[in-house]
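Right, one structure below, let's go through it.
Protein chains in written order, with the UniProt record's numbering: chain A, 1 to 221; chain B, 1 to 221.
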């Protein structure tokens with residue numbers, strides 16, 4: 001099992017103040033965030049519309065932490081290069097949004113970025129069967145994506161399955177969990193094998209003075 | 001012809017700093033902007049993805065000026081209510097993105113908002129034939145929408161045609177022009193009958209200290 005010092009926290013700016021995102025990104029960086037998680041939605045793959053590559057580009061100078069960009073857009077291919085150029089470090093895609101899923105992962109890698117695969121709650125882990133050599137992160141969604149503030153869907157066996165697949169690869173691959181993460185649900189996800197926890201509401205809900213406490217509580221340290 | 005005092009300037013925050021949009025909105029308000037113009041793009045109706053209703057909601061407390069929201073999203077119907085609830089005052093749609101165009105305009109009005117119709121450079125003014133009673137603003141695009149910084153497409157006869165249609169209605173309807181607006185192109189558009197000028201780069205390019213000068217120059221006062 002992963003120890004607390006190896007756990008990474010990725011606050012999702014979906015729950016930040018969109019009127020001052022630069023400050024928010026700098027604040028979570030200072031509060032100990034490991035990754036800056038960016039939820040990109042287009043109103044097609046999911047029923048919400050959030051922020052695009054221009055916003056990522058504007059935020060990039062506000063933190064040197066890893067920009068972990070989760071693309072909930074369909075089709076995703078036309079935007080891979082824009083997010084790479086905007087300063088994403090990890091680009092995570094959904095197989096349902098990429099008809100040539102293997103090629104899209106190759107394209108992300110070819111741009112010098114890390115490639116992630118996101119699994120909706122109902123998506124089987126079998127979609128990973130033939131692409132693991134191209135994968136740097138697997139994101140197990142514990143809510144159906146679209147909106148912040150939803151309740152955690154407990155899927156420990158799915159997380160265990162993904163951890164087992166990662167173990168066979170013999171290299172560092174992140175296992176990220178996103179949706180309904182609190183200090184309590186984080187504990188369950190970590191026990192099952194997650195090493196990166198995305199958290200929106202649980203980090204941002206009480207304002208900047210509490211960001212460091214909140215991140216520490218989710219990390220379980 | 002419209003006099004300088006009747007001209008309204010609508011800076012487009014597409015050209016603002018996305019990392020501190022709240023401050024940017026307050027700054028253009030203080031600099032004399034009449035409307036706050038918000039360009040919403042979904043990567044489907046146009047090949048760019050910008051900001052959604054959550055951002056509009058976050059910006060609403062930063063200005064009491066008119067929020068003039070231009071929806072370049074298709075289909076547009078699922079998002080009308082979200083933008084109304086987020087604080088839009090004017091909601092402008094494209095006929096190509098609304099298969100039941102007349103009904104969508106009714107829906108915007110039913111939510112207590114002003115309804116706008118946007119015409120791409122290639123869209124004929126005939127789309128207005130049967131909807132003028134539902135229209136509070138006509139937006140003549142002088143670039144093909146998607147990105148800031150494009151060159152003005154001169155369409156004076158189209159603007160004159162729209163002004164003539166408005167004149168027959170006997171009530172205040174805005175004639176807005178958007179795309180490549182500078183103090184020079186604004187003069188041409190105003191001469192043809194425009195009374196609201198959207199400007200992005202021309203307002204924002206030299207930073208907040210110049211916003212008031214830039215707005216004044218476009219207004220031609």
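Don't be surprised by glycine CBs; every beta carbon is placed ideally from N, CA and C.
Give me the chain B residues within the contact set of residue i, using Cβ-Cβ distance strictly less than 7 Å, ordered along the chain.
i: residue 138 of chain A; result: In chain order: nothing, as chain B lies at least about 24 Å away.
i: residue 54 of chain A; result: 18, 50
i: residue 181 of chain A; result: Going along chain B, no residue has its Cβ under 7 Å from residue 181 of chain A, so there is no contact; the nearest lies around 19 Å.
i: residue 62 of chain A; result: 19
Going by alpha carbons, who is nearest to residue i out of the options?
i: residue 94 of chain A; options: A/192, A/181, A/145, A/109; result: A/145
i: residue 61 of chain A; options: B/202, B/17, B/26; result: B/17
i: residue 80 of chain B; options: B/46, B/40, B/47; result: B/40
i: residue 25 of chain A; options: A/216, A/181, A/212; result: A/212
i: residue 118 of chain A; options: A/98, A/111, A/110, A/218; result: A/98
i: residue 47 of chain B; options: B/147, B/123, B/36; result: B/147
i: residue 87 of chain B; options: B/121, B/160, B/36, B/161; result: B/36
i: residue 123 of chain B; options: B/96, B/106, B/110; result: B/96
i: residue 182 of chain A; options: A/150, A/89, A/45; result: A/150
i: residue 201 of chain B; options: B/179, B/194, B/219; result: B/179
i: residue 177 of chain A; options: A/163, A/170, A/167; result: A/163
i: residue 218 of chain A; options: A/113, A/184, A/12; result: A/184
i: residue 92 of chain B; options: B/188, B/49, B/71, B/45; result: B/71
i: residue 58 of chain A; options: A/78, A/83, A/173; result: A/83
i: residue 210 of chain B; options: B/31, B/12, B/13, B/10; result: B/31
i: residue 158 of chain B; options: B/64, B/51, B/141, B/174; result: B/141
i: residue 267 of chain B; options: B/73, B/125, B/110; result: Outside the displayed range of chain B (1 to 221) lies residue 267 of chain B, so it cannot be described from this structure.
i: residue 74 of chain B; options: B/44, B/54, B/161; result: B/44
i: residue 133 of chain A; options: A/171, A/120, A/186; result: A/171
i: residue 128 of chain A; options: A/205, A/105, A/153; result: A/105
i: residue 20 of chain B; options: B/64, B/206, B/55, B/152; result: B/55
i: residue 111 of chain B; options: B/90, B/100, B/121, B/153; result: B/90
i: residue 190 of chain B; options: B/63, B/113, B/154; result: B/154
i: residue 42 of chain A; options: B/168, B/22, B/78; result: B/78
i: residue 85 of chain B; options: B/113, B/120, B/100, B/173; result: B/113
i: residue 6 of chain B; options: B/214, B/22, B/173; result: B/173
i: residue 143 of chain A; options: A/120, A/100, A/188; result: A/120
i: residue 152 of chain A; options: A/188, A/175, A/214; result: A/188
i: residue 175 of chain A; options: A/169, A/22, A/194; result: A/194
For residue i and residue j, which I take to be in contact (beta-carbon distance under 8 Å), what is that distance rounded to the nearest angstrom?
i: residue 196 of chain A; j: residue 15 of chain A; result: About 17 Å; that fails the 8 Å criterion.
i: residue 115 of chain B; j: residue 138 of chain B; result: About 10 Å; that fails the 8 Å criterion.
i: residue 34 of chain A; j: residue 8 of chain A; result: 4 Å
i: residue 102 of chain A; j: residue 66 of chain A; result: With a Cβ gap of about 24 Å, residue 102 of chain A and residue 66 of chain A do not count as contacting.
i: residue 69 of chain A; j: residue 38 of chain A; result: 5 Å
i: residue 156 of chain A; j: residue 192 of chain A; result: 4 Å
i: residue 208 of chain A; j: residue 10 of chain A; result: 17 Å between Cβ atoms; not a contact.
i: residue 199 of chain A; j: residue 12 of chain A; result: 7 Å
i: residue 220 of chain A; j: residue 50 of chain B; result: That pair is no contact at about 37 Å.
Under 8 Å Cβ-Cβ, which residues of chain B neighbour residue i?
i: residue 116 of chain A; result: By Cβ distance, chain B contributes nothing, its closest Cβ being about 19 Å from residue 116 of chain A, past 8 Å.
i: residue 42 of chain A; result: 42, 43, 44, 49
i: residue 79 of chain A; result: 43, 49
Checking the sheet assignment: what are the DSSP bridge partners for residue i?
i: residue 163 of chain A; result: Bridge partners of residue 163 of chain A: none, in fact.
i: residue 117 of chain A; result: A/93, A/138
i: residue 37 of chain A; result: A/12, A/68
Could you name the residues of chain A that residue i contacts, counting a contact when the two beta carbons are closer than 9 Å?
i: residue 59 of chain B; result: 18, 19
Residue i touches chain B at which residues, Cβ-Cβ below 9 Å?
i: residue 22 of chain A; result: 17, 18, 19, 20
i: residue 36 of chain A; result: What residue 36 of chain A touches in chain B: nothing, since even the nearest Cβ is about 12 Å away.
Can you pull the chain A residues whose beta carbon is under 8 Å from the beta carbon of residue i, in chain order?
i: residue 73 of chain B; result: 43, 49
Which runs of the beta strand (DSSP E), 3 residues or longer, sit entirely within the segment 39-87 of chain B?
The segment 39-87 of chain B is shown to contain whole beta strand (DSSP E) runs of 3 or more residues at 66-72, in chain order.
Quick one: which unbroken beta strand (DSSP E) runs of 3-plus residues sit fully inside the segment 153-215 of chain A? Chain order, please.
174-178, 196-199
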